[in-house]
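Chemist: One structure, as structure tokens, below. Some questions next.
Protein chains: 2
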Amino acid sequence: MAQQSNIVGEPLKVVGTRAPNLDAVERVTGQAKYTGDLELPGMLVARVLRSPHPHARIVRIDTTRAEAVQGVKAIVTHRDVPKLPVWAHRGYVLNERVRFKGEAVAGIAAVDAETADEALRLITVEYEVLPFVLDPEEAMQPTAPQLFPDGNLAGQPRVLTRGDIERGLAESDRVIERTYHCPTGWSGGMEPRANLATWEGDYLTLWASTQSPGRIVNALAALFDLPEHKVRVIATYIGGGFGTKSANHIDEALTALLARRARRPVKLQYSREEEILDSNTRYETKMYARVGVKQDMTLHALDVRYISNQGAYHIRLGGLGTQSTHLYNVPHLKTEQYRVHTNIPNTGPTRGVGDPQETFGVESVMDEVAHEMGWDPMAFRLKNIKRTGDPVARGGAGREDGRLASHAMDRCIEDGARRIGWERRNPAPGGTQAGPLVRGIGMALTERSTGGAQGAAIVKVNRDGSAVVFWSSTDIGQGSRTTMPMVVAEILGIPLTMVRAVSGDTEMAPYEPGSIGNRTTRGTGTAVDQACRDCLRQIFQTAAPMLEAPADALEARDGMIRVTGQPERSVPLRDVLQRHDRTVVGEGAMVQDQTKLDVERGPAAHFVEVEVDRETGKIRILRYVAAHDVGQPLNLTIVENQIEGGSIQGLALALGEQLHFDQRTGGCLSPNFLDLKPPTMLDVDPRVVEAVVVENKGEDKPFGAKGMGENPCHPGMAAVANALFNATGLRLREVPFSRASILEALSRSV
Amino acid sequence: MAQQSNIVGEPLKVVGTRAPNLDAVERVTGQAKYTGDLELPGMLVARVLRSPHPHARIVRIDTTRAEAVQGVKAIVTHRDVPKLPVWAHRGYVLNERVRFKGEAVAGIAAVDAETADEALRLITVEYEVLPFVLDPEEAMQPTAPQLFPDGNLAGQPRVLTRGDIERGLAESDRVIERTYHCPTGWSGGMEPRANLATWEGDYLTLWASTQSPGRIVNALAALFDLPEHKVRVIATYIGGGFGTKSANHIDEALTALLARRARRPVKLQYSREEEILDSNTRYETKMYARVGVKQDMTLHALDVRYISNQGAYHIRLGGLGTQSTHLYNVPHLKTEQYRVHTNIPNTGPTRGVGDPQETFGVESVMDEVAHEMGWDPMAFRLKNIKRTGDPVARGGAGREDGRLASHAMDRCIEDGARRIGWERRNPAPGGTQAGPLVRGIGMALTERSTGGAQGAAIVKVNRDGSAVVFWSSTDIGQGSRTTMPMVVAEILGIPLTMVRAVSGDTEMAPYEPGSIGNRTTRGTGTAVDQACRDCLRQIFQTAAPMLEAPADALEARDGMIRVTGQPERSVPLRDVLQRHDRTVVGEGAMVQDQTKLDVERGPAAHFVEVEVDRETGKIRILRYVAAHDVGQPLNLTIVENQIEGGSIQGLALALGEQLHFDQRTGGCLSPNFLDLKPPTMLDVDPRVVEAVVVENKGEDKPFGAKGMGENPCHPGMAAVANALFNATGLRLREVPFSRASILEALSRSV
């Protein structure tokens, strides 16, 4: 389909194509330098001593023997760190009271890893061991061990309401009540976190594997009491972010502290175990859901109480309630979230944050109520989904104060259903299938903000017509180093090869919060769009006398500046720039128009066909269809890759990836890939995932694209649960659906 | 004196102070990283094979034995270089025909210097030796060896005329005719040139000890047929530029070629000898001057023919004629410059370019004619100098088409004369002094463009009120990394500690031609001024509703944004930025208003008292007073340091620093400090130089400052020659004034 370009009546030339990633060759040939690959002359290696107790007070810490080791250049303990919380963690870089097993207790920088490891063993720590609590509901009891002086609750419960929930439930023809549970999840990428810090006087440069260089500047400037121009953070390539790298953690500050103390560059490269334990996790969530429907198939009331396990510390995040408020029209709604601290590692952003957990609860209970009522769960959803023009609750609050725009959930459902063959599902759950292998089809919906809210960029057009675009967030694999240049090329009317991206460096680029929450496409993209138009304004001013036309009657296309609609009245861009005789610099910033907040959203419908072996409990994913309304795709291949990768990540949650904790010791039992069980190619063949791109050019910049990196991860657990039910008649309300849990459920049902 | 700030009625707070250089600590503690200090993993070391002949054709070059040496990773010869001239050199990176002794013939990159040196010896070159010529007047003869197919003249002669020179001379009451000569001079800094190149795919990063990163981007992009966004040049700290590092040379391209061929980073660090031979030199100049005066002490006619020895290749530069046209009102003028190629190393920019040589000729002949007429040479000059309101010839051409503005040559002469005690000079040259030691006082004037013409900068104001200023030229020791932040601090009304400079990196900053020709203060300074005001405009827009005043009624001062003239109606800048909630990005570009070209100039008067030992020929500089109209000094200490350093460099030319060439072999006899004889502390005690800063706030931005880095180097030779004459009665017309030449002149005069 020919999308409209910024030039009326002409198709897009670059945006919407399948341009290969501009940095693909560097990435696949190993030339791309990740933080861990970097070396600086005189660089030291850091190692971290960690607590063996899930909850304890450090009575005494003696580093004298470690300091005496030849080659040890710096040691820091809780005595040496600024007494300022790290982000909203409620903790310092190192704490006198440790709150999870594996929490950092001391850092050492030495000439090599062996020396640092040796010195680490020579630090003597005397702990006063304290009682600990791992379960969030236990932790809510007044008798539970308390992690903080003001108790274990992290702030007030988050409550969203609409209508009158109790009246809504009373008015319903049928009410069902269910409980769902998602365990603590892993949130990291293939590359464990790494930092390299160096100081020149009071000027700090930190290379970090981070999604959010700008936020780390803020955090370190505050921590070291420096103005922001004294801190530079550079993220080169990073090997997956998924949220773990979107917030600052203790490792950046620890590395910088050690480097300052040692007066030499220091690199801290986390091991896999450290990455899993001391970054952040996806929070465990328990959901108590009540749903009420009317006989006419309308959803009438939805009440969900969430208890989320924030672990020892946490990053303050937007909370749960989004899926409940945004997916369906429901007159009576209440969601309530309790965030509870326990003695497991701290939580934080993880692809989708709480949305995958919430989607599991909401999309399971919708399926359950449809079954109870004898409705086709797809028909039930189609009846109640929000559509373009329906009321929208800005910012996720209960109050509805806008109208949903450009929302193609219906097309996502229809396209997805057609692709999976919805009509093939078992009319009755479990059906009449004989033998051990049974099949079923399930679906789940989700949606999310299209991102944006903030973004900033600079575009520089050289005198030869080549361009460079700067922004401070990182390309975390989502391909922004390709899509942002595509926006530049499209608007400036030049080939993509004439554009280079410089991202992830706070030195030159304006502040951005990072590559988070679907933000880059709309946030940075809008800023890039503006910056390009700022450049064009200057270029058109110089071109105007050359073309004997007013500047506002010009357009840029095919390397030419021309009078709008008159390709014969044109002059090469290069000639205009030669006459301009200086670099053109444009800047742009996206600032969210609050009256349009959440008016445009990104819906998706996922469908899955599973096969269950009733003898072994093994689940096979036969097909997974993920249909997403992505607005105008900036790059079709990249959008498809996001859908495929995110879907697999959602399936991982369903199929077994989990952080297990030992109830007796409080320790994590799966701090490695073997026990954590992220899916391999043998578990989920990526070819089973079919990305369906529902093009639905939105109204927002750039070019009506919607940010969508988080969304594909949301529906996996719910879709698989619903398909399992359709295959076996068994309703699983606890994630993951391990062979053990399936066999146990099968044995119960016999 | 209280200069006006940008806020009417209030004194400047930062500009004009003696703020210490912001990078002083890094520089003096050795923390500052020069290009030669940089290391990259896997880096190779490059070495260059050089021609033993001043003129030869390479018949055969065999590198097979060198290639076989273990550890050799790349070799390039003339066969491997792009067939494009390097800059305006008229030569390629490596040439099949070499034109000076020491010209590069091949480059080798190897794992270490020893390996590269060993391999270098194994390259076999068969030369066809050609006849050579060293003297420019000889080279002008048709029978001379020809360096280029179109002969030895580098372009047409440059001719400037005003009035009718022959009529002017005929009308004069007295005409004298004299010949002056300045030899080929050294132009380097303490740090020999260094380059470090690395390629990522087709993206080249080059660290170079250069004044002009932007120009090198242009040159390398052209050479490698790349768009400019594929080339990044970074100059970190450089150890003196003085022109040698303002133009591209073969070493940047050679390093990049070797790195591309070896697929590894390559560093090429020139030795002192290579730096002296293969960068560029100050051109030898022969001057044939005729001057005519009237009895009423007016200068009536001035005719100078210059023959400059451009060496084997050259950088195209503004030519000679500036001092003749700009210093004095003279109705009949002609200057004519012939640029001639010879078989000595190529020439290029060197502090003051041709102005020191021309000043020597013009200010010697003015002194001579004054003596002939029995006039006080100062009175003669004061009678004829150009003053504010006098006609000015834009661009140095003969046609006078503007009026000189803000020109304080008279104050420079008066202040300088008072300081040196002009009345103490010998009334008659040589005077009646007894004994071997005689003293004398001389003077010389000069002037130059205040620089500018082009400049570009970006200023970023962080959300905490700290700022970063970016420009692409290098701080070559002139202190721009301090003065540009001072402009930012003054305009934004913040302390200097809240500003950081990022210069010398083409990645972010817009194109600038470099730190050349007095350019930075006005060129970059004006751009920085504009960029700051672009920031303020955005800041004022956000502040306006906070202060309930229109944006254009606001001003920035003392970290506050306030209603103009109402300090009680103010709000902290930080609060405004918090509300703005995004980085403020401003950009500025200086584009020369052609109608104002050369309307403002930077005049100076130098005075020197010398002592000559008539027995040994030794000259002692007793006092050296250098009075400069610098407009509004941005930083008084920096301005004084420029005057002192430049004056000593001028004295070096007078006292013996020189490149000698062997007439038989064509080789340079002084490619080292011992034979080159740059002055040490024992030759010129820096304390004898007295900088007199004549503040004379100009009309141009920033703050009426004038660029003046070149000027102090101009008058040394002429002032010393005139003082020598006053001391001894001997007129020396050949530079330098070595002990041998003085003893010879003394023996002739007896």
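Top line first, the protein sequences correspond to chains B and C.
Just so we're aligned: the first sequence equals residues 34 to 783 in this note's numbering.
Just so we're aligned: the second sequence equals residues 34 to 783 in this note's numbering.
C-beta: ideal position from N, C-alpha, C; glycine also.
No experiment lies behind these values; they were computed from the predicted model shown.
1. For M750(C), which residues does DSSP report across the bridge?
2. List, in chain order, every chain B residue whose beta-carbon is nearer than 8 Å to that of E27(C).
3. For the candidate residues G699(B), L692(B), P704(B) and Q682(B), whose alpha-carbon lies nearest to that of P712(B)?
4. Which residues in chain B sit within 8 Å of N495(C), going by Cβ to Cβ distance?
5. Could you tell me which uninterrupted alpha helix (DSSP H) segments, each at least 4 residues in length, are contained entirely in the region 314-392 of chain C, listed from first to last along the chain?
6. Taking the beta carbon of N705(B) as the centre, do at least 16 other beta carbons fall within 10 Å, making it buried, or is it exposed?
7. Which residues mark the beginning and the end of the alpha helix (DSSP H) in which L55(C) is found?
8. With 16 as the cutoff for other CB atoms within 10 Å, does M714(B) come out buried or exposed?
9. Use the C-beta contact count for A203(C): other C-beta atoms within 10 angstroms, 16 or more gives buried, fewer gives exposed.
10. When you check each C-beta in the region 228-250 of chain B against every C-beta of chain C, which residues fall closer than 8 Å?
11. For G449(B), does the count of other Cβ atoms within 10 angstroms reach 16, so buried, or fall short, so exposed?
12. Going by CA-CA distance only, name the one from Q390(C), N185(C), I676(C) and E391(C) that's closest to A637(C).
13. Return helix, strand or coil for H404(C), following the three-state DSSP convention.
14. Would you mind stating whether G387(B) and S205(B) have Cβ atoms separated by less than 7 Å?
15. Tell me, please, which residues DSSP counts as bridged to I209(B).
16. Kindly confirm or deny that the region 735-753 of chain C and the region 537-546 of chain C touch, where touching means at least three C-beta pairs closer than 8 Å.
17. Only counting the same chain, and skipping five residues up and downstream in sequence, which positions put a Cβ closer than 8 Å to that of D443(B)?
18. Kindly indicate if chain C contains any beta-carbon less than 7 Å away from that of R566(B).
19. Beta carbon of S245(C), beta carbon of G547(C): below 7 Å?
20. Expressed to the nearest angstrom, what Euclidean distance is found between the alpha-carbon atoms of T530(C) and L606(B)?
21. Determine which residues share a DSSP beta bridge with M593(C) and list them.
22. Under 7 Å between the Cβ atoms of G407(C) and V641(C)?
23. If you reduce the DSSP assignment to three classes, tell me which class A778(B) lands in.
24. Pick from L763(C), A255(C) and Q627(C): whose alpha carbon is nearest that of R427(C)?
25. Closest to V618(B) by CA distance: which of I141(B), D608(B), T96(B) and R496(B) is it?
26. Do you know whose CA, among T238(C), G510(C) and V520(C), lies nearest E743(C)'s CA?
27. Which residues in the same chain as T539(C) place their Cβ atom closer than 7 Å to its Cβ, once the five residues preceding and following it in sequence are excluded?
28. When the distance is taken between beta carbons, is L55(B) closer than 7 Å to T554(B)?
29. Roughly how many angstroms separate the alpha carbons of P600(C) and H747(B), rounded to a whole number?
30. Might you give, ordered along the chain, the residues of its own chain that have their beta carbon closer than 6 Å to the beta carbon of V192(B), omitting 5 neighbours on each side?
31. Is V48(B) buried or exposed, if buried means 16 or more other CB atoms sit within 10 Å of its CB?
32. If you follow the alpha helix (DSSP H) that Q563(B) is in, where does it begin and where does it stop?
33. Taking the continuous beta strand (DSSP E) assigned at I141(B), which residues delimit it?
34. Please go through the same chain and pick out, in chain order, the residues whose beta-carbon is closer than 7 Å to the beta-carbon of A687(B), but skip the five residues on each side of it.
35. Considering only their Cβ atoms, is the gap separating H262(B) from R533(C) smaller than 7 Å?
36. Looking at the unbroken alpha helix (DSSP H) that takes in P636(B), where does it start and where does it end?
Modeler: Inspection of the coordinates gives the following:
1. For the purposes of this step, residue 750(C) is taken as residue 717 along the second sequence, with counting starting at 1. Residue pairing by DSSP places M750(C) in no beta bridge whatsoever.
2. It is not possible to answer for residue 27(C), since the shown part of chain C is limited to 34 through 783.
3. Here residue 712(B) corresponds to residue number 679 of the first sequence, with the count starting at 1. It is Q682(B) whose Cα lies nearest to the Cα of P712(B).
4. Looking up residue 495(C) in the second sequence gives position 462. Neighbours of N495(C) in chain B, taken as residues whose beta carbon is under 8 Å from its own, are P260, E261, H262 and Y544 in chain order.
5. Restricted to the region 314-392 of chain C, the alpha helix (DSSP H) segments that are unbroken, complete and at least 4 residues in length are 355-359, listed in chain order.
6. The residue given as residue 705(B) occupies position 672 in the first sequence. With a threshold of 16 other beta carbon atoms within 10 Å, N705(B) falls short and is exposed.
7. The residue you call residue 55(C) lines up with position 22 of the second sequence. Unbroken run through L55(C): none, as it is neither H nor E.
8. Position 681 of the first sequence, counting from 1, holds the residue named residue 714(B). So M714(B) counts as exposed.
9. By one-based count along the second sequence, residue 203(C) stands at place 170. When all chains shown are included, A203(C) counts as exposed.
10. The residues in question are E233, G234 and Y236.
11. Residue 449(B) sits at position 416 when you count from the first residue of the first sequence. G449(B) is classed as buried because its beta carbon has at least 16 other beta carbons within 10 Å across all chains shown.
12. Indexing the second sequence from 1 puts residue 637(C) at position 604. Across the set Q390(C), N185(C), I676(C) and E391(C), the C-alpha of I676(C) shows the shortest separation from the C-alpha of A637(C).
13. Taking the second sequence and counting its residues from 1, one reaches residue 404(C) at position 371. Residue state, collapsed to three classes: helix.
14. Start at 1 with the first residue of the first sequence, and residue 387(B) comes out as number 354. Start at 1 with the first residue of the first sequence, and residue 205(B) comes out as number 172. Their beta carbons are not under 7 Å apart, which means G387(B) does not touch S205(B) by this criterion.
15. Taking the first residue of the first sequence as position 1, residue 209(B) is located at position 176. According to DSSP, which records beta bridges pairwise, I209(B) is partnered with V324(B).
16. Contact between the region 735-753 of chain C and the region 537-546 of chain C is absent, because fewer than three Cβ pairs lie under 8 Å.
17. Reading the first sequence from its first residue, position 410 is the one you call residue 443(B). For D443(B), where only same-chain residues beyond five positions count, the Cβ hits under 8 Å are L415, I418 and R420.
18. For the purposes of this step, residue 566(B) is taken as the residue at position 533 of the first sequence. Answer no: the Cβ-Cβ gap between R566(B) and chain C never drops below 7 Å.
19. Taking the first residue of the second sequence as 1, we reach residue 245(C) at position 212. Taking the first residue of the second sequence as 1, we reach residue 547(C) at position 514. Closer than 7 Å, so yes.
20. Indexing the second sequence from 1 puts residue 530(C) at position 497. Indexing the first sequence from 1 puts residue 606(B) at position 573. Looking at the two C-alpha atoms, the distance is approximately 41 Å.
21. Walking along the second sequence from the start, residue 593(C) turns up at place 560. Bridge partners of M593(C) according to DSSP: R590(C) and P605(C).
22. In the second sequence, counting from the first residue as 1, residue 407(C) sits at position 374. In the second sequence, counting from the first residue as 1, residue 641(C) sits at position 608. The beta carbons of G407(C) and V641(C) sit no closer together than 7 Å.
23. As a position in the first sequence, residue 778(B) is number 745, starting the count at 1. A778(B) falls in the helix class under three-state DSSP.
24. Within the second sequence, numbered from 1, the residue matching residue 427(C) stands at position 394. For the residues L763(C), A255(C) and Q627(C), the minimum Cα distance to R427(C) belongs to Q627(C).
25. Working through the first sequence from its first residue, we reach residue 618(B) at position 585. When each option's Cα is compared against that of V618(B), the closest is R496(B).
26. Residue mapping note: residue 743(C) aligns to position 710 of the second sequence, counting from 1. Closest option to E743(C), Cα to Cα, is G510(C).
27. In the second sequence, the residue the question calls residue 539(C) occupies position 506. Around T539(C): P246, G247, V250, R265, V266 and S505.
28. Working through the first sequence from its first residue, we reach residue 554(B) at position 521. Working through the first sequence from its first residue, we reach residue 55(B) at position 22. Cβ atoms of T554(B) and L55(B): not closer than 7 Å.
29. Locating residue 600(C) in the second sequence gives position 567, where the first residue counts as 1. Locating residue 747(B) in the first sequence gives position 714, where the first residue counts as 1. Using only the alpha carbons, I get a separation of about 55 Å.
30. For the purposes of this step, residue 192(B) is taken as residue 159 along the first sequence, with counting starting at 1. Cβ neighbours of V192(B) beyond the five flanking positions: E369.
31. As a working mapping, residue 48(B) is identified with position 15 in the first sequence. V48(B) is buried by the Cβ-count criterion.
32. To locate residue 563(B), count along the first sequence from 1; it is residue 530. Start and end: G558 to L580.
33. For the purposes of this step, residue 141(B) is taken as the residue at position 108 of the first sequence. Taken as a continuous stretch (DSSP letters only), the beta strand (DSSP E) holding I141(B) covers A137 to A143.
34. Position 654 of the first sequence, counted from the first residue, corresponds to residue 687(B). The beta carbon of A687(B) lies closer than 7 Å to those of G749, M750, V753, V768, P769 and F770 in the same chain, with the five residues before and after it left out.
35. Taking the first residue of the second sequence as 1, we reach residue 533(C) at position 500. Taking the first residue of the first sequence as 1, we reach residue 262(B) at position 229. Contact: yes.
36. Numbered from its first residue, the first sequence carries residue 636(B) at position 603. Careful: P636(B) lies outside any alpha helix (DSSP H), inside the beta strand (DSSP E) at R634 to D646.
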